[in-house]
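Data block below; observations after.
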Amino acid sequence: MNADPASVTPPPPPPPPPPRFAARCLAACLPTGLIRDSLLGDLQQEFTRRARTCNQARAVAWYWRQVWALGSRYLWERTLQRVSLRHSRPQRRSSTTATCNCSAPGDSERETFFCQTHPWVHLSSRLLCHGLHHAVAVKVPLQQHTRMSSNDFHLLSHAGQF
Amino acid sequence: MPPDSILGTFEQLVLLSILQIGEDAYPPLILDKLEEGMGRSLSRGSVYVTLDRLERKGLLRSKAGDPEPDRGGRPKRYVAVTKEGITALRRARNSLMVFWDGLDAVLEK
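Sequences listed follow chains A and B, in order. According to the numbering used here, the first sequence is numbered sequentially starting from 134. According to the numbering used here, the second sequence is numbered sequentially starting from -8.
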């Protein structure tokens, strides 16, 4: 028995994919592996829900806002961790002024975590780290083998140290 | 994680939300739970970055779920609190209780 073609409802259209360029930009800022895949998946799921329930242009704008917020957040977090890692290494001089050894290769698990990013993001992170590193070296007398966390940087910035 | 360090407030809230949700805890659900509990909206970035930090500290572990078509074939990241996470939460609660103790009369005015 053939169904009346007029009565058959067409299947719903496939959900629109999120903006490809935005997704690539965000992927470049995130560490590889499960964190990147799951975060992009979470955003795509929410994008699809928003595109279906409200205007697609709004969903695209929402997606771009998330890319900006998450990308900059991850880049900043990575930079702080890189500076922290830099200061956790033994310094070559015994003075209170930290010596920049930004060219030294990383050997820890955390350094590997930083390096699993897009080369441009990796470079920006290194440049930001370099600037912060020198800012700290000039303004704050550091003890040797001091490990600075992101909380330490927040405290220092609140205290007006840099 | 050093044994004498205390979790931050937001870190505690994230860990407690994961425990409240249970086995299905993944970042968007955690975000919803936090927003519901705190009564205000939060940025996704703060939740994701905190989850990553807690995992690096060994207080969380995450595992990949099955790939799903509506997520572009990407898996969910299910998170669970480790034993170290429970210990850190207990330590944070005990530290706070020391300071809360004896202040009922002052705080209930």
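Note that beta-carbon positions come from the ideal geometry of N, C-alpha and C, so glycine has one too. Computed from a predicted structure; not experimentally measured.
When 8 Å is used as the limit between beta carbons, Lys67 of chain B is near these residues of chain A: Ser171, Gly174 and Asp175, in chain order. For Ala16 of chain B, the three-state secondary structure derived from DSSP is coil.
The beta carbon of Gly(-1) of chain B lies closer than 8 Å to none in the same chain, with the five residues before and after it left out.
The beta carbons of Arg169 of chain A and Leu163 of chain A sit closer together than 9 Å.
For Ala192 of chain A, the nearest beta carbon of chain B is not closer than 9 Å to its own beta carbon.
Collapsing the DSSP output to three states places Val141 of chain A in coil. Residue contact with chain A for Val72 of chain B: absent (no Cβ-Cβ distance below 9 Å to any residue of chain A). Rounded to the nearest angstrom, the Cβ distance from Leu159 of chain A to Gly204 of chain A is 5 Å, consistent with a contact under 8 Å. Interface residue (Cβ-Cβ distance to chain B less than 9 Å): Arg183 of chain A is not classified as such.
Using a Cβ-Cβ distance cut-off of 8 Å, the stretch 70 to 83 of chain B and the stretch 42 to 53 of chain B are in contact, since at least three pairs of beta carbons, one from each stretch, lie closer than that value.
Collapsing the DSSP output to three states places Arg31 of chain B in coil. Between the C-alpha atoms of Lys24 of chain B and Leu6 of chain B there is a straight-line separation of about 11 Å.
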